[in-house]
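Using my numbering, read the sequence shown as starting at 798 and increasing by one per residue. Each residue gets a CB set at the ideal place from its N, CA and C atoms; glycine is no exception. Taking it in order: structure first as structure tokens, then the write-up.
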Amino acid sequence: MICRGVASSTATSKPQHILVEAAVESLEAALAAAEGGAHRIELCTDLANGGTTSDLKVLRACRSHLLIPIFVLVRPRAGDFVYSAAEHNEMLEQIVQAKKAGARGIVTGALTAQQDIDQVRTSELINAARPLPVTFHRAFDACADPAVALQQLIDLRVERVLTSGGAKTAPEGVERISRLVVQAEDRIGILAGGGIDGSNVAQVVRDTGVREVHFSVRNATKVRSVVRALRPLHRPV
């Protein structure tokens, strides 16, 4: 069975619709997300602890059943985002293997012990991922200075950053997310994630101006509720 979906847009292409990204741990959840109307998948495991790199077998299975883009989280362990040299090399290899297995994008990132973007290692991760697009994950929310961190990611040519605005959930972080959208000026996409569902997604979009939203998925019902809530906000084609 192949489940059809809508292809993703880049951050600078002015999408006509709000892009819905579903974080999933399994083929079953990925199929449910696509059935519910998700436009893009973020594949990972251990979502309860923020997500880590999924097994390549799951990626290959998803690729054989889905047409919507699959972005792969590259994170070797739960916990902080300060990595050893061995962990960094492991991440580089995971990116290479994910590309070979058909990933359409990479979700990754690294911080320094001072909670700043590790520009050297993040640059190496980006270079390994190219020509695929790169999302800097919610390590961003641990950064000491979000405005400086965002500019660094722009300079590194990251396509988008996943953020809850530094809060526990995106609905609680709308003020900072809104400021990030203004600062981004379409140079980088701001992907709002954390605690998003059908009851709050429209308000998050209205309050922040984001054009992409992210949430974890186990069944199609949640995706449908988000897609339904976003319909009134879609721009006319």
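Asked                                                                                                                                 : Found
Any 3 or more C-beta pairs closer than 8 angstroms across the segment 937–951 and the segment 905–919                                 : yes
Where ILE993 falls: helix, strand or coil (DSSP)                                                                                      : coil
C-alpha distance - THR905 paired with VAL817, whole-angstrom precision                                                                : 19 angstroms
Bridge partner(s) assigned by DSSP for GLU839                                                                                         : ALA820 and PHE868
Beta bridge counterpart(s) of HIS1011 as assigned by DSSP                                                                             : GLU818 and GLY990
From CYS859, ARG1003 and ALA926, residue whose alpha carbon lies closest to that of ALA967                                            : ARG1003
PHE937 - DSSP class collapsed to helix/strand/coil                                                                                    : helix
DSSP three-state assignment for LEU1027, whether helix, strand or coil                                                                : helix
Nearest to GLU1009 (by Cα), restricted to the options ALA827, GLU839, ALA826 and ALA829                                               : GLU839
Local conformation of LEU929 per DSSP, three classes                                                                                  : coil
Outcome for PRO928 when other beta-carbon atoms lying within 10 angstroms are tallied against a minimum of 16                         : exposed
Own chain partners of ASP852 with C-beta closer than 8 angstroms, once the 5 adjacent residues on each side are dropped               : THR842
THR957 (DSSP reduced to helix, strand or coil)                                                                                        : Sequence inspection shows Arg at residue 957; the Thr mentioned does not correspond to that position. Three-state result, ARG957: strand.
Length of the line joining the Cα atoms of ALA835 and VAL1020                                                                         : 7 angstroms
Cβ-Cβ distance between THR1005 and ALA981 below 8 angstroms                                                                           : no
Where VAL904 sits in the DSSP three-state scheme                                                                                      : strand
Chain-order list of residues whose beta-carbon lies under 7 angstroms from that of VAL1024 (same chain, five-residue window excluded) : VAL817, GLY833 and GLY834
Through-space distance from LEU863 to LEU828, alpha-carbon basis                                                                      : 7 angstroms
Within 8 angstroms, strictly: CB atoms of LEU922 and LEU870                                                                           : no
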